[in-house]
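Structure, as structure tokens:
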Amino acid sequence: MSFWEKLLNAIGNTAGNALSAVVEAIRTVFEGDPETRRKVAFSVAIIALSAKMAKADGIVSEKEVEAFREIFEFPEDQAKNVARLYNLARQDVAGYEAYAERLSTLCITCAANCTVLEDVLDGLFHIAKADGLIHEKELNFLRHIGEIFEMSETRFEQIAARHVSSGGDPYKVLGVSPSDDFPTIRRRYRGLVSEHHPDRLISRGVPKEFHLIANERMAALNAAYAAIEKERRAA
């Protein structure tokens, strides 16, 4: 039995209290298996909050569905189980704030600027930008999610800058200032590369199926560093 089947069996058929049922199922069904529990918690956070985001802007485009599948490569035989969980979240009367608050308690670090919750936001940004731009309602949704996750404004802006298709501020992507000297910027860049290496995602419970998140993030960091390096050499 897959972990999706275990989770949905524990939830039962009642959608009326979906949020509480899902969170409690994650806590209890996988209590003796912390590694699977982390993976399930992360996956559910992406599924549930992307469902709520779709509801927030009122439109679910085909490209957004494709983007969801890109970062969430679940087996075909589990598609119905994932869809059921998505629909439970979308139909649940609980607002997205409640989902974000409860799902954040499943985080393994639960610290300000938590890297696991940053991974969740990166996944949501990837889905939001799939149709070519991030709409104002989606950005407001994501910003509020960041606040609920107790993420600093600076950290949120750094994440958002990685997903701007053009005109993104490379300094903001790296979380540095134009007034910083280049050795400081280089140390910051190297620290971020180490922190966000794909192996680190796996170690903190992000399923390997979400490798696209890590690859996109690394590409954005590399591009930002290259842009700053080129600018400094030309100066």
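UniProt numbering applies: residue 1 is where the sequence shown begins, and numbers increase by one.
In this text, a Cβ means the ideal position worked out from N, Cα and C, and glycines have one as well.
Remember, it's a predicted structure, so these values are computed and weren't measured experimentally.
- Around the beta carbon of P34, a 10 Å sphere encloses fewer than 16 other beta carbons of the protein chains shown; the residue is thus reported as exposed.
- With a cut-off of 8 Å on Cβ pairs, the region 148 to 165 is not in contact with the region 81 to 94, counting fewer than three such pairs.
- Judged by DSSP secondary structure, G146 falls within the alpha helix (DSSP H) whose first and last residues are 136 to 148.
- Nearest C-alpha to R155 among L121, E138, P178, I134: L121.
- Excluding its 5 nearest sequence neighbours in each direction, F182 has C-beta neighbours in its own chain below 6 Å: R232, listed in chain order.
- Within the same chain, and ignoring the five residues on either side of F149 in sequence, the residues whose Cβ sits closer than 6 Å to its Cβ are S104, L117.
- Taking every protein chain shown into account, the CB of A83 has fewer than 16 other CB atoms within 10 angstroms, so this residue is exposed.
- Contact annotation: A224 and Y171 have beta-carbon atoms nearer than 9 Å.
- Residue burial annotation: S43 is buried, with at least 16 other C-beta atoms found within 10 angstroms of its C-beta.
- Boundaries for T105: no alpha helix (DSSP H) harbours it, and the DSSP string shows neither H nor E there.
- At the C-beta level, V173 and L221 come within 9 Å of one another.
- A Cβ-Cβ contact shorter than 9 Å links A25 with A10.
- When the five nearest sequence neighbours on each side are left out, the beta carbons in the same chain lying within less than 8 Å of the beta carbon of E157 are those of K172, in order along the chain.
- Per the coordinates, the alpha-carbon of H126 lies some 10 Å from the alpha-carbon of L133.
- Contact annotation: E147 and A56 have beta-carbon atoms that are not nearer than 9 Å.
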